[in-house]
Amino acid sequence: MFHETTGTGAGEGVSSAQGALVNFIHLSDLHVGISSAGWLWPAIRSAFLADLRVVLHEAGPPDVVVFSGDLAQKASEQEYLELRDILEELWRVFAEFGANPVLVPVPGNHDLLRRPGADPVVLAMKEWWSRPEVQEAFWDPKIPAYREFVEQSFKNYQAFCDSLASSSVRVPENIKRGVVPGDISVELNVRGNIVGIVGLNSAWLQVNDEDYKGRLHIDPRQLMGVVDGDPDGWCRRHAANFVVTHHPTSWLHPESERAWRAEIHCGARFDCHLFGHMHEPQSISVSEGGHEGRRLIQAASLFGLEWIGNQRAKRIHGYCVGQLFLSDQKRRLRQWPRHDVLGTDGVRKVVPNLQFNLTDYRYFDIDYSGIVEEPRASQTSTDISIYSDRKALDTLRRTLPSSEAARYVRKIEQETCLESLEKRRLVWIASDWGLGADEFLAELVGKSSGGNSSVYQLDLGAYGSREEMLAGVRRDFGLTFQQLCECISQEPDCFLVFDDVVLEDDSRATDNSYLLAISEIAEGVLEYCPNVRLVIRSRRNPVQTKINVVELTSLDDVDAMIYIKNHPRGGRDLATDNFVRKICSYTDGMPSRIDSALDDVQVVGLEGLHLANPDVSGKAALHLPPPPGLAETIAKLEQSDDPGALRAFRLLAVLSMFPRGEYLESVRRFDGANPFHPQDARRLIDLALVDTGEITSIGGSESAGSAKALIVRRPVREFLIAHLSPETVQRLNRQALSLYFGANWNAGAIKPPRDARFDERSCENWKIDNATLLVMREASEAIAAGVNTRISSAATLAQSFCIALMNGDHFGGLITAARELLAIYKDVSGHDSRLDLIKSMLGRALRMSGYWDEARNVLKELGDSGLPKAMKRKNLLNLAMSSESLGEIDDAKLYAKQCIELDKNSREAMHSKAIILEQTTVNDPDRKAKLLRLAQAARRRKCNVLANNLLVTCMNESDDAAEWHSLAEQVIANAAEHDDQHNAMRVVLRLCQRTVSKNQPLEMADLSRVIEAYQYLLNESMDPLFGMAHKVLWKHFSLVGDTENLLRLFRYSSFKWQLRGRSGADLEYAAEVIGLLGDKLRSGFIRSTREVAYLIVRSGHTMKLLPSS
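Numbering (numbering that gives the first Met the number 0), first residue to last: 0 to 1108.
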């Protein structure tokens, strides 16, 4: 049974506080019976009630009143009678607003009767922390003396609480009482939401008037006693949960405080801890940190008198009204802190407490999404002091740059860091230059502390050992490192960043002593400064460390799309597939470069973006200074006396010509008689100048020993472009062209090596990207040089390259290359025939990729004046096919007829006749026979692709299984004979689709063909065929129980669908693979891989990850 409280019936002008999950008032420390009450309380009471009416008009009627202890001064029966009258008057005010809230109190140290100091139980309980046998006896039901003592101490308080049932003060009907008097739990139904409140007695060990700070105890058994022994389950069944005590946790014994954090207020149990007791020299209401951890609200005394110093009274009066909102899994805790002031007219008033950063001088909010561990409070108490000048922190204080776009990307990395900061208060972030590490850290601070925590940054870039670090801090800041930590330990919850930690590369390091030293110092800081969360940052990934490491890399295309979509100079309309791919091509997915590229788009437009890309336009496009330390790192290689270092520098310069990377074996002889060696590449990797590229793999494990492309990081490439002479860059680029296109590339005769056959489907996509940039670079340099022969040679190369891509069915690569090259040659005259051919091929590639509207526009722009007849026929045929795909049949037939009129005996005319026949025989009973006869005629004319197209059409329209298979076999045989890979792929996918639909796994040969098709389609825009290949592989891997390949397939396909604007297409597969994980998932543990991490992010599933093997 739940207690219903609605807070309805507000009068006119009164806010209903719609949207609030619960409205509450937090009172504390009324101290009824204090000596000054007779003359001071009436003034305070009037001011309090007048102000309460004002706040309730805005905040709305309360649902619950929490009273966090010290209701009376000496716990006498008379004091509680007076308290009852005060509360009934307060409830009459609530009634004015149509409210009847529930009172939830807990006792304080003034709510227990003091016992004689000589009482043997008093003497024993004073030794609680030094005598374990007392602790054991207290909880032993066979030794009732101790528990009976506590019950007698709180008997008047308990009698008062029981008496409220007969008053006008509303109390919960379903109170559950605990093992210690004053321990309670209640469950309140607030407008359909169940709110749980736990009240725990923190004062029962304060058996006399001594100072008990650091000596009190709240036992986990107290919590268990009011939540049926299942605190997590109890809390989970509520929309919100609060825990209330009288004392802050700083008054608990260190052992008790540890138990509080580990077993009571831990994890995501409670939205807030409400407490009182602290009579500061000012009225305060504190939410410590406001971070994604424990929220704590310390109430001011509603009425109290504290004697300080010279016995002059410092009066503390105040209260707090609060609301908790829940929206889209986000929570907002809103507070109206109020305190008492003495006006110039001598009249006391209760007003907003402006010591807080209030919105419109009224309230402040704490936003959060969950509750995480609060940093452990200091347990050290010593008379030995350490000198500290907190002004030194001003030089370390850092304001982090915020980025709206950064908030929505790198979700896996964000969650990993937040989890590490929650559990260990420590994380290591490895991030190279320009990857947005500051913006990423700003998001972590915002999400873990609500943005309220200060950030202090200690730059360790100049230090290389423990001794250098400690000496450097003393030299640079005038304090020892320990004094600096002492300063930080006195701050509220904050972040400390060890920035730019220099890690020795393997070729120079003799041991990992500095890495170990950093780890030891970090642990020491966390123990010394319990208020600190520590972030260590370095450019390179540390090895052999027990600290959780999160590496920031360039944004992938999906994250880049999200980044652009949420960027102030981007937006949803701009974040298209083509735009994102182009931006990523020019920025390598680096957030800082994406920011610059979006600025450049405002100036030169997307078409002119190559002008701002140093990989294409060289020094003219450079406008960003090199990152700190990069010049020195490269100079050490270039100016070294070590032949190995010099060779590594030359390798770096060569690799910088290939923006997407290159295999070491491919460039090994680039420098003629001076070959490069694996150790040269290893040196560059150790210096974090070069990365290794990922290879897409489906159907088999990725071999750790297989070769990977070596990729020079973009800031390094840009520095080298600026650093190397123009002559050197030109020489290296032309050598790179020879490597990709053969020695006679400048004569128009390209002869690429075996691993770069652009006219074959097997050519890797990153090789095509490299070649595109090389050709673009040569064209840009030729045009800039103004040498006509070189411009003509570059244009011929561009044409030959596009033809090779067309012959290799690399339609996506052709679209990119053609668009870029057409933009470069836009204002260059004398090359119309070459550019027309490139534009014609672009039109066909767009049609094959499903961009039919755009294909038609490109081909229409070409017109027909001055074009060779063969090109006209091809253009008309592609116009007809694009119109047919768009469902514009009349236009399709018109273009087909125009094509036939140009040359009725041409292959294009034969294909045009097929279009007309297919569209005019839809209801013809002899349709199939006519199509088959035309296929035979096409075969005789050696129009083999057309013949296969017609057979596939007949296949699709056949209901006869035998006929269907016969046609399929014909297509496969003809395609193999005449290298028609596209139709062969279409039919193989259909055949395999039929196989798996019968719940039969594929034979190995068929599986290999489908995998080959999938990997090709992954880089193209043929969505229907890609979807078919995915479904076939998914069904096969499901049938054989291959979860590893299912996870890998899910990652690749989901990524592509998101790029193509079909972000929901993967959800059914996510649910299926989660189901297939079975026992691994039900047990809560699964091996951590990038595929599993991606599944978690996409599905929103929660699972415990084991370290990757």
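Each residue gets a CB set at the ideal place from its N, CA and C atoms; glycine is no exception. Owing to the predicted nature of the structure, the values given are computational and were not obtained by experimental measurement.
Rounded distance between the beta-carbons of residue j and residue i, thought under 8 Å
| i | j | result |
| --- | --- | --- |
| V921 | V951 | At roughly 17 Å, the Cβ-Cβ gap does not stay under 8 Å, so V921 and V951 are not in contact. |
| L215 | L251 | 5 Å |
| Q918 | K896 | That pair is no contact at about 12 Å. |
| S67 | H25 | 7 Å |
| S537 | M589 | About 18 Å separates the two Cβ atoms, so there is no contact after all. |
| R833 | A794 | 5 Å |
| G842 | N874 | 7 Å |
| L804 | F740 | Between F740 and L804 the Cβ distance is about 13 Å, and since that is not below 8 Å, they are no contact. |
Separation of residue j from residue i, as counted between CA atoms
| i | j | result |
| --- | --- | --- |
| E262 | D393 | 37 Å |
| L111 | Y367 | 37 Å |
| E1090 | I411 | 11 Å |
| G177 | C234 | 16 Å |
| A854 | V501 | 52 Å |
| Y362 | H56 | 14 Å |
| E485 | Y527 | 8 Å |
| E519 | K766 | 45 Å |
| R580 | R568 | 17 Å |
| G228 | R397 | 45 Å |
| N612 | G471 | 40 Å |
| I1010 | P752 | 25 Å |
| G224 | G1060 | 53 Å |
| F324 | T244 | 23 Å |
| G18 | R44 | 31 Å |
| P61 | N200 | 24 Å |
First and last residue of the uninterrupted alpha helix (DSSP H) at residue i
| i | result |
| --- | --- |
| A19 | From DSSP, A19 is part of no alpha helix (DSSP H) but of the beta strand (DSSP E) over A19 to L26. |
| I546 | I546 -> no alpha helix (DSSP H), and no H or E assigned at all. |
| S996 | Q980 to S996 |
| K912 | R906 to T919 |
| T1113 | Summary: the structure shown does not reach residue 1113, with the chain confined to residues 0 through 1108, and so no result is reported for it. |
| T788 | N787 to N806 |
| H272 | From DSSP, H272 is part of no alpha helix (DSSP H) but of the beta strand (DSSP E) over C271 to F274. |
| Y455 | Per DSSP, Y455 belongs to no alpha helix (DSSP H); it is in the beta strand (DSSP E), S453 to D458. |
C-beta contact flag for residue i and residue j at 8 Å
| i | j | result |
| --- | --- | --- |
| P253 | H276 | no |
| Y211 | F159 | no |
| L738 | V774 | no |
| A298 | S27 | yes |
| A58 | W335 | yes |
| G1110 | E759 | Residue numbering for the chain in the displayed model covers 0 to 1108; residue 1110 lies beyond these limits and cannot be assessed. |
| V1039 | C991 | no |
| I217 | W259 | yes |
| F148 | V120 | yes |
| G956 | I914 | Sequence inspection shows Glu at residue 956; the Gly mentioned does not correspond to that position. No, they are not a contact pair. |
| I487 | Y455 | yes |
| L533 | R465 | no |
| E1159 | R872 | Look at the range of the chain in this structure, 0 to 1108, and you will see that residue 1159 is not part of it. |
| C265 | I296 | no |
Short CB-CB distance (under 8 Å) between residue i and chain B
| i | result |
| --- | --- |
| D640 | The structure shown contains no chain B, having only a single protein chain. |
Buried/exposed call for residue i, threshold 16 Cβ in 10 Å
| i | result |
| --- | --- |
| T788 | exposed |
| N352 | buried |
| Y360 | exposed |
| T1141 | This structure cannot speak to residue 1141, because the chain is shown only from 0 to 1108. |
| W138 | exposed |
| G198 | buried |
| Y1093 | buried |
Beta strand (DSSP E) segment containing residue i, residue limits
| i | result |
| --- | --- |
| K329 | K329 to L341 |
| I710 | L709 to V711 |
| P104 | V101 to V105 |
| P351 | R347 to P351 |
| Q322 | G317 to S326 |
Heavy atom of the ligand MN within 7 Å of residue i beta-carbon
| i | result |
| --- | --- |
| W1056 | This structure simply doesn't include the ligand MN, nor any ligand for that matter. |
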